[in-house]
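2 protein chains.
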Amino acid sequence: MINYTNELRQHNLKATPQRLAIVSALHRAGHLNIDSLYALMLKTFSSISLATIYKNMHLMIENSFIEEIKIPEQKSVYELTKSAHSHLVCKTCGLVEDITLNMSDILNETTSKSHFVISKTDLVLSGYCKDCQ
Amino acid sequence: MINYTNELRQHNLKATPQRLAIVSALHRAGHLNIDSLYALMLKTFSSISLATIYKNMHLMIENSFIEEIKIPEQKSVYELTKSAHSHLVCKTCGLVEDITLNMSDILNETTSKSHFVISKTDLVLSGYCKDCQ
DNA sequence: CTGACTGCAAACGTTTTGCACGGTA
DNA sequence: TACCGTGCAAAACGTTTGCAGTCAG
Chain A
8 MINYTNELRQ HNLKATPQRL AIVSALHRAG HLNIDSLYAL MLKTFSSISL
58 ATIYKNMHLM IENSFIEEIK IPEQKSVYEL TKSAHSHLVC KTCGLVEDIT
108 LNMSDILNET TSKSHFVISK TDLVLSGYCK DCQ
Chain B
8 MINYTNELRQ HNLKATPQRL AIVSALHRAG HLNIDSLYAL MLKTFSSISL
58 ATIYKNMHLM IENSFIEEIK IPEQKSVYEL TKSAHSHLVC KTCGLVEDIT
108 LNMSDILNET TSKSHFVISK TDLVLSGYCK DCQ
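In order, the protein sequences belong to chains A and B. If you read the first sequence in the working numbering, its first letter stands for residue 8, the second for the next number, and so on. If you read the second sequence in the working numbering, its first letter stands for residue 8, the second for the next number, and so on.
Put into structure tokens, the structure is as follows:
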């Protein structure tokens, strides 16, 4: 199990036990919504507060340590910040998976068809995972 | 101003004045969040209830008459269902615009890199519109 | 030692519900 | 006329806040 103490400090965040637990839960699970994260945390911190979870999520999002992913017809999930990528979501079981796709054609097409300057692309591909097809 | 009476009925929805007003507001504005929609509705229906708005949104989403678009760091907006397309969002002024992009390369790449069967793609391109650059 | 973090409880904003009345088909 | 839809008020829900005590650095 990786120790995130230094990473947290580099993002101006104190390495409290609760925070370390949140981060390593995200590391292990990949993607978690608030409820699942809270449920996981309760296993090790029986008295952790939902307020603590929310406060930490905001703080870590502000400091770009984690990111929120909004998903159609599902609750948002959170993940540790990594290099840009897209998401696969299973409509049946809710599984969320990362996938790295080449966006350059899309961005070129956007530039030629609009007057927007794009700084971020969020792509969610919904369908059915291997097990649910 | 287009009359949506028949379209509503085709989707098993009675054409009430409130519902017609919601639909034509969406038609005119293109994309609206709940607050803006409610504010607009109050101009013509001074006693319309937020509960009515919510009930209608759900009903019309279930019947595929309208769709919710989830946007990073902004409130969701709603639009009349049209053929598949992506969205441009301005980080400064919040403007949401439709854009039709060719997704076939992305879908092919996804098929070759994963075991998901994709049925829907949601792409939000965030950046700066012509006026806000 | 000091400021930041935690847990609790209360507050808050948003969305949902139940119900009596009113309107569409 | 029969049912569906509306508006109101209350309830439920998820999230945020204030505060006193605790802990990391």
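A virtual CB, placed ideally from N, CA and C, is assigned to each residue, including glycine. Predicted, not measured: the structure shown is a model, and the values here were computed from it.
Query - Interface partners of residue 123 of chain B on chain A, CB under 8 Å - result: 95, 97, 104, 132, 134, 135, 136, 137
Query raised in the report: Where does residue 120 of chain A fall in DSSP's three states?
Result: helix
Report task. Go through its chain and collect everything with a Cβ distance to residue 136 of chain A's Cβ below 8 Å, but skip five positions before and after it. Result -> 95, 97, 99, 100, 102, 104
Query - CB contact check: residue 126 of chain A to chain B, cutoff 8 Å - result: yes
Requested in this report: Report yes or no: is there a C-beta of chain A within less than 8 Å of the C-beta of residue 42 of chain B?
Outcome: no
Query raised in the report: Can a CB atom of chain B be found closer than 8 Å to the CB of residue 117 of chain A?
Result: yes
Query raised in the report: Is there a Cβ from chain A that is less than 8 Å from the Cβ of residue 66 of chain B?
Result: no
Report task. Assign residue 69 of chain B to one of three DSSP states: helix, strand, or coil. Result -> helix
Query raised in the report: Cβ-heavy atom distance between residue 73 of chain B and the ligand FAD below 7 Å?
Result: This structure lacks the ligand FAD, and indeed carries no ligand of any kind.
Query raised in the report: residue 79 of chain B and residue 43 of chain B: beta carbons closer than 8 Å?
Result: no
Query - Classification of residue 11 of chain B by the beta-carbon crowding that lies within 10 angstroms, buried from 16 upward - result: buried
Report task. In angstroms with no decimal places, state the Cα-to-Cα distance between residue 69 of chain B and residue 15 of chain A. Result -> 43 Å
Query raised in the report: Taking C-alpha atoms, which residue in B:87, B:77, B:9, B:63 lies nearest to residue 25 of chain B?
Result: B:63
Report task. Report the rounded CA-to-CA distance for residue 81 of chain B versus residue 110 of chain A, giving the unit in angstroms. Result -> 23 Å
Query raised in the report: Which first and last residues belong to the beta strand (DSSP E) in which residue 94 of chain A is found?
Result: 93-97
Report task. Go through the region 18-94 of chain B residue by residue and report every complete run of the alpha helix (DSSP H) that reaches 4 residues or more, in order. Result -> 24-36, 41-51, 57-69
Query raised in the report: What does residue 70 of chain B touch in chain A if you count any residue whose Cβ is under 7 Å from its own?
Result: Going along chain A, no residue has its Cβ under 7 Å from residue 70 of chain B, so there is no contact; the nearest lies around 15 Å.
Query raised in the report: Is the CB of residue 62 of chain A under 8 Å away from at least one CB in chain B?
Result: no
Query - CB contact below 8 Å: residue 87 of chain A versus chain B - result: no
**Report entry** residue 113 of chain B vs residue 121 of chain A beta-carbon contact at 8 Å
**Finding:** no
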